[in-house]
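Those letters in the sequence shown? Residues 1 to 152, by full-length UniProt numbering.
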Amino acid sequence: MTGRAKSGSKARAAARLAAVQALYQFEMEQTQLPMLLDEFHRHRLGAEIEDAQYAQAEVAFFDDVVKGTIARRDEIDGVVADKLADGWKLERLDRTMLQILRAGAYELMARKDVPTGTAISEYLDVAHAFFDAKEAKFVNGVLDAVAKAVRS
1 MTGRAKSGSK ARAAARLAAV QALYQFEMEQ TQLPMLLDEF HRHRLGAEIE DAQYAQAEVA
61 FFDDVVKGTI ARRDEIDGVV ADKLADGWKL ERLDRTMLQI LRAGAYELMA RKDVPTGTAI
121 SEYLDVAHAF FDAKEAKFVN GVLDAVAKAV RS
């Protein structure tokens, strides 16, 4: 992999993490989409917050994941809910976990340019940023099942 490809993949990884954070904020605070995107563009993507340097994110990719996930949320929720174990409902999931699954499912459904393994692996990395190995395994299982359903 070239240096440019590595930096591009880091920018996409940063965009995915930021997208999950933006989707969480959208859900919890009902921030209007234009305001939400503007806040992330100006204050979060590549910014330093509380002595932590946020990685430079691929802004167009971030925007697509956030906008697309919100626009197709009902469809995405139906696909994700269908892949949960019996007795599990979306409402039972941790709110951050739900945003990881939604963003990952959106990518699997709408971004055919992103290889299946890459999408699942990247959201597994996002899950590891918030959860322990057990929850990350859950993300892997659900997104793998979603991929099999939407990328046959």
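Positions of the beta carbon are idealized from the N, C-alpha and C atoms, including for glycine.
Under the three-state DSSP convention, the category residue i falls into
| i | result |
| --- | --- |
| Asp74 | helix |
| Leu23 | helix |
| Leu143 | helix |
| Ser9 | helix |
| Gln53 | Confidence is the limiting factor: at Gln53 the pLDDT is only 48, short of 50, which leaves the residue's position unreliable, though a coordinate-based value still follows. Strand at Gln53. |
| Thr116 | helix |
| Arg151 | coil |
| Glu29 | helix |
| Glu122 | helix |
| Leu45 | coil |
Integer-rounded CB distance, given that residue j should sit under 8 Å from residue i
| i | j | result |
| --- | --- | --- |
| Leu90 | Asp77 | 6 Å |
| Ala103 | Thr69 | 5 Å |
| Leu98 | Leu143 | That pair is no contact at about 13 Å. |
Under 9 Å between C-beta atoms of residue i and residue j
| i | j | result |
| --- | --- | --- |
| Asp64 | Arg111 | yes |
| Val114 | Leu124 | no |
| Arg95 | Glu27 | yes |
Residue i versus residue j - alpha carbon distance
| i | j | result |
| --- | --- | --- |
| Leu17 | Ser121 | 13 Å |
| Tyr24 | Lys137 | 21 Å |
| Gln53 | Gly117 | With a pLDDT of only 48 at Gln53, under 50, the local geometry of the prediction cannot be trusted, and the value read off the model is given with reservation. Going by the C-alpha atoms only, they are around 28 Å apart. |
| His41 | Gly141 | 32 Å |
| Glu135 | Ala129 | 11 Å |
| Ala127 | Ala85 | 19 Å |
| Ala11 | Ala119 | 14 Å |
For residue i, the first and last residue of its enclosing alpha helix (DSSP H)
| i | result |
| --- | --- |
| Gly87 | Premise fails: Gly87 is in no alpha helix (DSSP H) and is neither H nor E. |
| Glu107 | 95–110 |
| Asp132 | No alpha helix (DSSP H) holds Asp132; DSSP gives it neither H nor E. |
| Leu36 | 33–39 |
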